[in-house]
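Residue 21 is where the sequence shown starts when you use the working numbering, and the numbers rise one by one after that. Single-structure report; data block below.
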Amino acid sequence: MRSFPLFLKLEGRPVLLVGAGSAAAAKLRLLGSAGARVAVVAQSPSADLLAAVADTRAELVRDALTPQLFASAELVFGATGNEADDRAVAEQAHAAGKLVNIVDRPELSDFTMPAIVDRGDIVVAVSTHGASPVLAQRVRAAIESVLPPGLGRLSQFAQRFRTAIQSRIGENAARRRFWNQVLSGPIAAAVLAGDEKRATRDLIRAVNRGEPKAETGRVSLVGAGPGDPELLTLRAARALREADVIVYDKLVDPAVLEYARRDARRVFVGKSKSDHTLPQAEINALLVAEARSGRHVVRLKGGDPFVFGRGGEELDVLVAEGVRVEVVPGITAATGCAAYAGFPLTHRDHASSVVFVSGQSKDGVSDLDWRALANPRQTIVVYMGVSAAGEVAGKLIEAGLGASTPIAIVENGTRWDQRVIKGELQQAADLIRQHGVAGPALLVIGEVTRAAEAGVRAELKAAAE
Ligand SMILES: C[S@@+](CC[C@H](N)C(=O)[O-])C[C@H]1O[C@@H](n2cnc3c(N)ncnc32)[C@H](O)[C@@H]1O
């Protein structure tokens with residue numbers, strides 16, 4: 021360890037900052053957020069700095085630097101952006117026996133500024149010892165993504181009950197166990213979701229009962245997105261990390277499961293021709309039973325759980341059974357595929373509406389309002405439409421949509437093996453046959469599919485070529 025990490029209380033303490041530009045302004049705002057009493061020395065302050073001075077109520081000194089300024093400061097920051105001036109600041113600080121930080125010049129600094137993840141009372145500081153601020157920022161971003169925004173609130177909540185819990189649960193190990201359960205279960209989830217009233221009520225109940233075991237069971241209905249694991253939401257990733265059991269479908273990309281704890285139980289219930297699948301009633305029963313035995317269950321579904329995903333049915337059962345449940349939305353196949361294929365679904369030149377329909381209903385091919393759908397200024401996205409593509413196209417043409425309306429079939433959308441096959445509405449079934457479409461695929465119908473392939477997938481393709 022080449023630098024010693026410490027957290028300094030700066031509230032009300034005098035700090036000297038030398039610099040007139042935006043780097044000085046950024047430093048001033050940071051110091052201001054820690055409550056420091058800052059004197060800023062700048063003969064010609066930028067507008068940026070003047071605004072920061074006003075916001076932080078810092079003292080602005082427009083004169084030259086004097087030994088007195090250094091003597092009255094506890095810490096010194098230099099942000100002049102000019103090597104000779106920065107060096108002079110460092111030398112004068114050292115002459116006055118003060119610790120100094122010069123922005124972007126670790127060789128002149130006694131201490132460096134870490135990249136910070138700020139969650140109220142929880143602060144994470146990342147340092148590369150000044151070697152690579154960009155790398156520090158990247159590590160910071162990775163940490164940001166796993167720490168929920170309400171973590172500061174959670175820490176304050178725990179602080180509020182700390183003494184009371186200490187007096188109720190005397191034994192250290194039992195108290196640790198109690199807090200572990202609280203901080204990883206529904207009480208913490210309620211605080212993070214902003215429902216402190218409920219969290220307080222449940223915490224008090226849990227303390228009165230001894231331990232909160234019976235209340236920890238719950239189900240998160242989580243959307244895994246259409247394929248690319250990077251399309252998972254932060255909330256979905258957190259639910260996966262916390263889950264004891266993950267009940268997942270065939271459409272969930274295996275890479276998404278990597279976010280789960282190693283010891284989490286994984287239960288595959290997906291639909292596939294060769295795999296055994298659990299009927300919906302048994303899936304429902306499994307979710308209820310697992311939650312009732314105190315486990316956090318993540319019911320992981322491709323795309324969004326509420327878009328052709330039977331999430332609604334599962335939600336109804338869980339609510340009726342009195343199981344605690346949350347829904348974490350996901351990016352649905354239509355928006356994911358459209359983005360990665362470069363189709364702006366409601367491009368104002370071509371479509372004033374977009375509809376998501378299913379090519380299949382419970383009893384075979386969908387019984388849709390074909391007349392309402394046959395609108396040339398509308399984009400139609402057909403889910404589960406591969407086997408019925410010919411029939412869907414026929415019905416639309418019969419209802420008045422042009423046979424040469426452009427279409428695209430997006431197979432394995434957002435995945436590395438995404439394919440986009442283009443043609444005309446009247447060719448839908450032939451295209452699927454000719455290209456041997458076998459993976460999950462969407463049929464996108466409408467003028468917007470004329471757009472050239474763009475977006476993330478096209479960039480990746482170009483990079484690979
Ligand atoms: C049972 S639905 C589930 C939809 C999912 N809940 C959603 O929001 O995307 C399954 C259908 O979604 C479509 N689908 C799902 N993932 C896809 C992908 N990566 N590429 C293309 N279509 C996909 C296919 O039409 C597939 O038959």
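The beta-carbon is built from N, C-alpha and C at its ideal position, and this holds for glycine as well.
Within the continuous alpha helix (DSSP H) that includes G52, where are the two ends?
S42 to S53
Return the first residue and the last residue of the beta strand (DSSP E) that I427 is part of.
P426 to E431
DSSP-derived helix/strand/coil call for F376
strand
Taking the beta carbon of D248 as the centre, do at least 16 other beta carbons fall within 10 Å, making it buried, or is it exposed?
buried
Roughly how many angstroms lie between the CA atoms of A44 and L26, to the nearest whole one?
23 Å
In the structure shown, what three-state DSSP assignment does P11 receive?
Examination of residue 11 is not possible in this model, given that the chain is present from 21 through 485 alone.
Using 8 Å for Cβ pairs, my map puts S147 next to L254. What's the rounded Cβ distance?
With a Cβ gap of about 24 Å, S147 and L254 do not count as contacting.
In chain order, what residues of the same chain lie with their CB nearer than 7 Å to the CB of A394, ignoring the 5 residues before and after it?
L416, A419, G420 and L421
Any C-beta of chain D sitting closer than 7 Å to the C-beta of F198?
The structure shown contains no chain D, having only a single protein chain.
Straight-line CA distance for F131 to R173?
30 Å
Going by DSSP in three states, L393 sits in which element: helix, strand or coil?
helix
Quick check: the Cα distance between D68 and E79, rounded to an integer number of angstroms?
15 Å
Per DSSP, the bridge partner or partners of K487:
For the chain, the structure presents residues 21 to 485; residue 487 sits outside this window and is missing.
When you compare only the Cα positions, how much space is there between K29 and R77?
19 Å
Taking 8 Å as the cut-off, does the region 364-374 touch the region 331-345 (at least 3 CB pairs, one atom from each stretch)?
no
Is V489 near ligand 1, with its Cβ less than 6 Å from a heavy atom?
Examination of residue 489 is not possible in this model, given that the chain is present from 21 through 485 alone.
Which stretch, first to last residue, makes up the alpha helix (DSSP H) that contains K415?
A409 to E418
Considering only the alpha carbon of each residue, which of A309, P168 and I224 lies closest to V143?
P168
Just to confirm before moving on: does the CB-CB distance between A284 and D269 stay below 7 Å?
no
Looking at V348 and A409, is the spacing between their C-beta atoms short of 7 Å?
no
By Cβ distance, which residues of its chain are closer than 7 Å to S42, with the 5 residues on each side in sequence left out?
S66 and D68
Which residues does DSSP pair with T399 in a beta bridge?
V374
Considering only C-alpha positions, which residue in the set V109, F326, Q398 and D124 is nearest to K118?
V109
For V401 and W390, the rounded distance between their alpha carbons:
13 Å
Closest residue to Q157 among F90, A135 and I429 (Cα-Cα distance):
A135
For V276 and G205, I'd like the C-alpha separation in whole angstroms.
22 Å
Near ligand 1: T352 beta-carbon under 6 Å from a heavy atom
yes
So what does DSSP say about I351, is it helix, strand or coil?
coil
Among the candidates T220, V137 and G237, whose CA atom is the shortest distance from the CA of R344?
G237
Taking only the alpha-carbon atoms, compute the straight-line gap between A392 and P426 and give it to the nearest angstrom.
18 Å
Quick check on I465: does DSSP put it in helix, strand or coil?
strand
Rounded to whole angstroms, what's the CA-CA distance from P460 to N432? Just pull it up for me.
6 Å
Under the three-state reduction of DSSP, which class applies to L277: helix, strand or coil?
helix
Look at the alpha carbon of V202 and the alpha carbon of N228, and state the distance between them as a whole number of angstroms.
14 Å
Supposed close pair L95, V35 - CB separation, criterion 8 Å
5 Å
Three-state secondary structure assigned by DSSP to V327
coil
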